[in-house]
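Numbering (my numbering), first residue to last: 8 to 393.
Positions of the beta carbon are idealized from the N, C-alpha and C atoms, including for glycine.
Shown next, in structure tokens, is the structure this report addresses.
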Ligand SMILES: [Fe+2]
């Protein structure tokens, strides 16, 4: 099983044996967090006005997350970190310097979505488990040690983790599996940015983005791709319920995930802007630099004849014109879409100009018609409600 779990680690220079989860340091980190939360609650309780309350900053859980991360992850070597001097040091002429710090990574690919959220939103996790530090340590442990069943105190999490860890898709197509994880993290970031701009629940939106393609953990049957939104919602639901996100939030996340492929769910839900944002973020990521490269690579662009190249570019530009005014669910998604699409269009317009400057194109009107190679609809298509 471990062979299937090394994709994340491949991105790292060195791979060491997995470290044992360190219960003691996790408990210490959580105790520090509890102390800080207690101070925060105490300060809030004596604040008189809304202004005073607003002035009390919620503790940043970054160091707690870091300590937990180190406790449950694999040390992979060292990396450079830029150390900026303080203002005082700068006055004395000190310069920024690089120093070596330990690097940590997870080997378990299934953990990537959960860990990404966990490490970026430690407050949320700590709040969910505020009075249950032991449960939190179990949860953190379960993230990295799904193989070791004795640590599970949650059947739902264990079930979700095991499904991802045993992913036949990832085993058979490691590069596609890696893409799926990278894509999921980007979709989470895009969805999070839209949520922030639109005033949605940012954390819930990030989780929805991370899990929107989680069904890729299974081998697709004939209708697998078409059903992968509904399947992902089914896999995500018990995990989300276990996180204690609340019935409505869980349903809205699941509904957004379910409809992101073909706009259909197999359970009741509303097509809210929040739910539609899952598909919007997915489509926005589909039209950026990486997909542009992938589309050309898939078409075997460099091996096409000059006339085929031009036909391919013309067809792509026609398609992009059709996409110009698509109805995205929010203003922010529309703005991001226009931005991405214009990068795409500019690239293809430049490419056409370059082709037209090539030998044989000055009299292009008299050329015989050349069909473009078959268009890959998955690569240059949209999913969801469009
Ligand atoms: Fe998808």
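Problem set entry | Enclosing alpha helix (DSSP H) for residue 310 [first to last residue] | Counting along the chain, residue 310 falls outside any alpha helix (DSSP H), and DSSP gives it neither H nor E.
Exercise. From the DSSP output, which residues share a beta bridge with residue 104?
Worked result: According to DSSP, residue 104 bridges with 90.
Exercise. Is the segment 186 to 199 close to the segment 320 to 337, with three or more CB pairs under 8 Å?
Worked result: No, because fewer than three Cβ pairs between the segment 186 to 199 and the segment 320 to 337 fall closer than 8 Å, the two stretches do not touch.
For this session: Say whether the segment 289 to 298 touches the segment 238 to 253, bearing in mind that this needs 3 or more beta-carbon pairs closer than 8 Å, one atom from each stretch.
Result: As far as the Cβ criterion goes, the segment 289 to 298 does not touch the segment 238 to 253, which means the pair count is below three.
Exercise. Using CA coordinates, which residue listed in 63, 201 and 266 is at the minimum distance from residue 233?
Worked result: Residue 233 has its Cα closest to that of 266, out of 63, 201 and 266.
For this session: Compute every distance between the C-beta of residue 253 and the non-hydrogen atoms of ligand 1, then say whether any falls below 7 Å.
Result: Residue 253: no, Cβ never under 7 Å from ligand 1.
For this session: Classify residue 294 as helix, strand or coil using the three-state DSSP reduction.
Result: The three-state secondary structure of residue 294, taken from DSSP, is coil.
For this session: With a threshold of 7 Å, establish whether the CB of residue 289 neighbours any heavy atom of ligand 1.
Result: Residue side-chain check: residue 289 places its Cβ nearer than 7 Å to a non-hydrogen atom of ligand 1.
Exercise. Along the chain, where does the alpha helix (DSSP H) that runs through residue 216 open and close?
Worked result: Counting along the chain, residue 216 sits inside the alpha helix (DSSP H) bounded by residues 209 to 218.
For this session: Compute the minimum distance between the beta carbon of residue 220 and the heavy atoms of ligand 1, and state whether it is under 7 Å.
Result: Inclusion of residue 220 in the 7 Å shell around ligand 1 follows from its C-beta lying nearer than that to a non-hydrogen atom of the ligand.
Exercise. Helix, strand or coil: which one does DSSP assign to residue 352?
Worked result: Note: residue 352 maps to helix in three-state DSSP.
Exercise. Residues in its own chain within less than 6 Å of residue 340 by CB, not counting five upstream and five downstream?
Worked result: Excluding five sequence positions before and after residue 340, the CB atoms of its chain that fall closer than 6 Å to its own CB belong to 201 and 287, given in chain order.
Exercise. Measuring from the CB of residue 90, is there a heavy atom of ligand 1 at a distance below 7 Å?
Worked result: Checking the Cβ of residue 90 against ligand 1 gives no.
Exercise. Who are the Cβ neighbours of residue 259 in its own chain at under 6 Å, not counting the five residues just before and after it?
Worked result: Residues 281 and 282 of the same chain have their beta carbon placed closer than 6 Å to that of residue 259, with the five preceding and five following residues left out of the count.
For this session: In the DSSP assignment, find the unbroken alpha helix (DSSP H) run with residue 266 in it and report its ends.
Result: Note, residue 266: alpha helix (DSSP H), 254 to 266.
Exercise. If you scan the segment 222 to 247 from start to end, which runs of the beta strand (DSSP E) of 3 or more residues do you find wholly inside it?
Worked result: None, since the segment 222 to 247 contains no complete beta strand (DSSP E) of that length.
Exercise. If you check the beta carbons only, do residue 362 and residue 310 fall under 8 Å apart?
Worked result: Contact flag unset, no.
Problem set entry | Burial state of residue 104 (16 or more Cβ within 10 Å) | Exposed is the call here.
Exercise. So what's residue 274 in DSSP terms, helix, strand or just coil?
Worked result: Correct three-state label for residue 274: coil.
For this session: Decide if residue 38 is buried, meaning its Cβ has at least 16 other Cβ atoms within 10 Å, or exposed.
Result: Under this definition residue 38 is an exposed residue.
Problem set entry | Backbone CA spacing between residue 308 and residue 298 [nearest angstrom] | When rounded, the distance between both Cα atoms is 14 Å.
Problem set entry | Straight-line gap, residue 199 to residue 255 (C-alpha atoms, nearest Å) | The alpha-carbon separation between residue 199 and residue 255 amounts to approximately 19 Å.
Exercise. Based on Cα-Cα distance, which residue from 334, 358 and 100 lies nearest to residue 390?
Worked result: When only C-alpha atoms are compared, the closest one is 334.
Exercise. Could you give the C-beta distance for residue 284 and residue 207, rounded to a whole number, given that I count them as a contact under 8 Å?
Worked result: The C-beta distance from residue 284 to residue 207 rounds to 7 Å, short enough to fall under 8 Å.
For this session: With hydrogens ignored, establish whether the beta-carbon of residue 206 is closer than 7 Å to any heavy atom of ligand 1.
Result: No.
Problem set entry | Neighbourhood of residue 359 by C-beta, 6 Å cutoff - its chain only, sequence neighbours within 5 removed | Setting aside the 5 residues that flank it on each side, residue 359 is surrounded in the same chain by 320, each with a C-beta closer than 6 Å to its C-beta; the list follows chain order.
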